[in-house]
Amino acid sequence: MKKDAIIKGAAVFVIIVQLAGCAADKYNKTEDHLCMPAASKADAMSAAEDVLAGMQFEIEKSDTEAGYIRTRPLAGAQTFEFWRSDDAGAFNRAEADLQSIRRTVELSVGEQAGESCINCKATTERLSIPAEQSTDRGYKAMLGQKSIQKISREQKGNITWIDLGRDSQLETEILKRIEKRLDARKQGKAK
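Here you go:
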């Protein structure tokens, strides 16, 4: 009886791991650039701005002539914010739930051999608040009392954003959406 329960539990575990692996395959192939034939630089810039705005990013700088777009930092979406799409992948979603995360996107658009090529760079940062040195918090924890962390002046001066590097899954998602938007515009013009 106990052996059957262990076997069933192991089978369920294997199935869950396999399903998680299938879900992860969606983001295994990442891209940081996209080239579209028959798309002008202005069309690519317009599509990129539309996509970023649709993903809740606020454009900080946009220069069509230079082919450059930069967004303001955007706080990572939480799980309950189902309408947000700036967390690409389960790990990034979970990380934004557990920590204060923000992302910034930079796009550069250029023309090469009659194609518009878009390079995407999405960077991620995590908020770091240094712990206050206090024996009072440990004492309250031992007594089972809850303590609310208040940020002291000294801590406020030491709050920093730690660079976590590039978010290749978000870069891929942004480029896929831009490609889809450009294709839809091309289809609309053809009709």
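Going left to right, the sequence shown walks through residues 112 to 302 as the working numbering numbers them.
For every residue, glycine included, the Cβ atom is placed at its ideal position computed from N, Cα and C.
Endpoints, the beta strand (DSSP E) within which residue i is located
i: Gly225; result: Where Gly225 is concerned, there is no enclosing beta strand (DSSP E), given that its DSSP letter is neither H nor E.
i: Thr271; result: Thr271 to Arg277
i: Thr175; result: Note, Thr175: premise wrong, no beta strand (DSSP E); not H, not E.
Identified DSSP bridge partners for residue i
i: Pro148; result: Glu226
i: Asp143; result: Looking at the DSSP assignment, Asp143 forms no beta bridge with any residue, so it has no partner.
i: Val216; result: Ala233
i: Leu185; result: Arg214
i: Ser239; result: Thr271
i: Ile180; result: Ser173 and Leu218
Beta carbon of residue i nearer than 8 Å to that of residue j
i: Leu218; j: Asn230; result: yes
i: Leu293; j: Ala158; result: yes
i: Leu185; j: Gln167; result: yes
i: Ile240; j: Ile270; result: yes
i: Ser279; j: Asp174; result: no
i: Ala233; j: Arg213; result: no
Rounded distance between the beta-carbons of residue j and residue i, thought under 8 Å
i: Cys228; j: Leu145; result: 7 Å
i: Arg181; j: Glu171; result: 5 Å
i: Val216; j: Gly178; result: The Cβ separation is near 15 Å, so there is no contact.
Worksheet item: Pairing CB atoms from the segment 266-282 with CB atoms from the segment 145-152, are three or more of them under 8 Å?
Response: No: fewer than three Cβ pairs fall under 8 Å.
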